[in-house]
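Heads up, the thing below is written out as structure tokens.
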Amino acid sequence: MKWRFIFLLIFFGSLYTLLIHNIYDLQLEKWEYYSGKAEAQQRAGGELEPVRGNIYFTDKNSNLIPAVLNKEYSSIYAVPKEFQNNDYDYNNDFEKLSQIVNISIEELEKKLNKPDDLYELLVQKATFEQLRKIKELKLKGIYIEKQLLRFYPFGNLASHVLGFIGPADNGVKLIGHYGIESYFNKLLTGKTGEVKGDTLIKPENGENLVLTIDRNIQAQAEEILNKLIQKYEAVGGTIIVQEPATGKILAMVNFPNFNPNNYSLSEIGDFINPSVQFVYEPGSVFKIFTMSAGIDSGKITPETTFYDSGSVTLNNRTIHNWKLKSFGTQTMTGVIENSINTGAVFAEQKTGHDIFYNYLIKFGFNKLTNINLPGEVVGNI
Numbered sequence: 192m193k194w195r196f197i198f199l200l201i202f203f204g205s206l207y208t209l210l211i212h213n214i215y216d217l218q219l220e221k222w223e224y225y226s227g228k229a230e231a232q233q234r235a236g237g238e239l240e241p242v243r244g245n246i247y248f249t250d251k252n253s254n255l256i257p258a259v260l261n262k263e264y265s266s267i268y269a270v271p272k273e274f275q276n277n278d279y280d281y282n283n284d285f286e287k288l289s290q291i292v293n294i295s296i297e298e299l300e301k302k303l304n305k306p307d308d309l310y311e312l313l314v315q316k317a318t319f320e321q322l323r324k325i326k327e328l329k330l331k332g333i334y335i336e337k338q339l340l341r342f343y344p345f346g347n348l349a350s351h352v353l354g355f356i357g358p359a360d361n362g363v364k365l366i367g368h369y370g371i372e373s374y375f376n377k378l379l380t381g382k383t384g385e386v387k388g389d390t391l392i393k394p395e396n397g398e399n400l401v402l403t404i405d406r407n408i409q410a411q412a413e414e415i416l417n418k419l420i421q422k423y424e425a426v427g428g429t430i431i432v433q434e435p436a437t438g439k440i441l442a443m444v445n446f447p448n449f450n451p452n453n454y455s456l457s458e459i460g461d462f463i464n465p466s467v468q469f470v471y472e473p474g475s476v477f478k479i480f481t482m483s484a485g486i487d488s489g490k491i492t493p494e495t496t497f498y499d500s501g502s503v504t505l506n507n508r509t510i511h512n513w514k515l516k517s518f519g520t521q522t523m524t525g526v527i528e529n530s531i532n533t534g535a536v537f538a539e540q541k542t543g544h545d546i547f548y549n550y551l552i553k554f555g556f557n558k559l560t561n562i563n564l565p566g567e568v569v570g571n572i
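Using the numbering used here, read the sequence shown as starting at 192 and increasing by one per residue.
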């Protein structure tokens with residue numbers, strides 16, 4: 192009797208140990224695999240999406256300030272394949288679903304009438320009220336999921352630099368559009384993982400990016416531009432702040448801009464970055480290059496003088512000073528200080544057309560700067 196008790200004790204003890212080991216193996220060691228498999232079953236092809244990299248501003252103390260982050264939102268999606276076999280009240284359920292997700296019945300029918308479709312997004316950032324109503328509706332084939340989506344904590348700030356995330360042409364994946372989000376899309380995206388049979392291929396998360404944009408300088412530049420736009424009732428404007436010693440762009444401001452969190456509310460034209468995607472006459476800032484060419488070539492010096500009569504005629508076109516006044520005798524330094532148009536014409540004529548043109552080539556006006564932003568256009572000379 193004693194030996195039978197010992198045998199049963201050893202037998203059930205071994206069985207318990209084996210059971211504990213299997214539970215440990217399932218819950219801990221293989222948790223990552225089964226978690227990934229469960230997620231992959233919601234996506235076509237068993238894909239596992241990587242986490243997109245963050246983007247940071249800096250400040251004068253080299254502190255990293257989040258410009259773009261990933262934030263968890265609740266989304267509402269449908270599995271049309273399940274919806275096909277679902278018994279529902281067309282007039283009642285369909286109409287309720289249409290009202291909840293703010294999609295017309297006609298458009299909803301197009302989305303759900305896809306027998307082989309396993310995933311159709313209905314609402315990307317659902318409100319609490321939408322989620323509550325979907326749960327109450329209890330309609331088979333309609334689900335709620337948590338998604339990591341892009342969040343831009345500063346709203347419109349540096350929107351042309353950052354860009355935004357939106358659907359690709361095929362409407363399945365989200366990719367970067369415009370700005371840094373587009374230019375470095377592959378680096379930010381990372382590599383997709385997947386579940387193949389019993390094998391889990393982990394996704395590789397995207398890289399984080401640190402910009403040269405100084406958050407404080409950017410904010411001040413945007414405030415200045417907004418005031419100037421209002422003061423002069425202008426339709427647009429641009430400010431670029433650059434560090435002379437390194438060439439770093441500390442601020443790049445354009446108006447009009449947009450909010451990447453709600454980009455669909457803006458016009459397509461607002462997404463264009465005029466700082467790099469427009470060609471335009473530079474105006475008075477070009478006087479600096481005119482003087483630089485003349486002085487470097489030895490044709491003029493900062494002390495070279497000329498007499499300003501207030502206007503000059505070239506090719507049957509009269510050019511006036513912006514203040515419509517005559518400054519009299521001025522040095523080249525005075526031309527820059529007072530932004531005298533006739534003085535710039537004098538400096539170019541003293542330099543000579545051919546020499547001046549060659550300097551424009553050397554300055555790189557006919558070349559791309561290769562700034563890390565999409566759609567840069569080359570200048571015309």
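Don't be surprised by glycine CBs; every beta carbon is placed ideally from N, CA and C.
Along the length of the region 329 to 390, whole alpha helix (DSSP H) runs at least 4 residues long occupy 350 to 353, 370 to 374 and 376 to 380, reported in chain order. Each of Phe537, Leu402 and Lys382 was checked against the Cα of Lys393, and the nearest Cα belongs to Lys382. When C-alpha distances from Lys418 are compared across Thr403, Asn445 and Ala436, the shortest belongs to Asn445. Spanning the alpha carbons of Lys326 and Ile256 requires a straight line of approximately 38 Å. Gln521 carries a strand assignment under DSSP once its states are collapsed to helix, strand and coil. Ile510 sits close to Val536, with the two beta carbons spaced by under 8 Å. Residue pairing for Gly428: DSSP places it in a beta bridge opposite Phe446.
Taking 8 Å as the cut-off, the Cβ atoms of Gly570 and Phe556 count as close. Scanning the region 478 to 517 from its first residue to its last, the whole alpha helix (DSSP H) runs of 4-plus residues come out as 478 to 487.
Taking C-alpha positions only, Lys324 is separated from Ile291 by approximately 7 Å. Distance from Gly244 to Gly367 at the Cβ level is roughly 11 Å; contact not present, criterion being Cβ atoms closer than 8 Å. Closest in alpha carbon position to Pro465, among Ser502, Ser350, Ile404 and Leu456, is Ser350.
In the DSSP assignment, Gln433 is bridged to Ile440.
Annotation: Glu286 to Ile296 spans about 7 Å, alpha carbon to alpha carbon.
As computed with DSSP, Phe248 is found in a beta bridge with Ile256.
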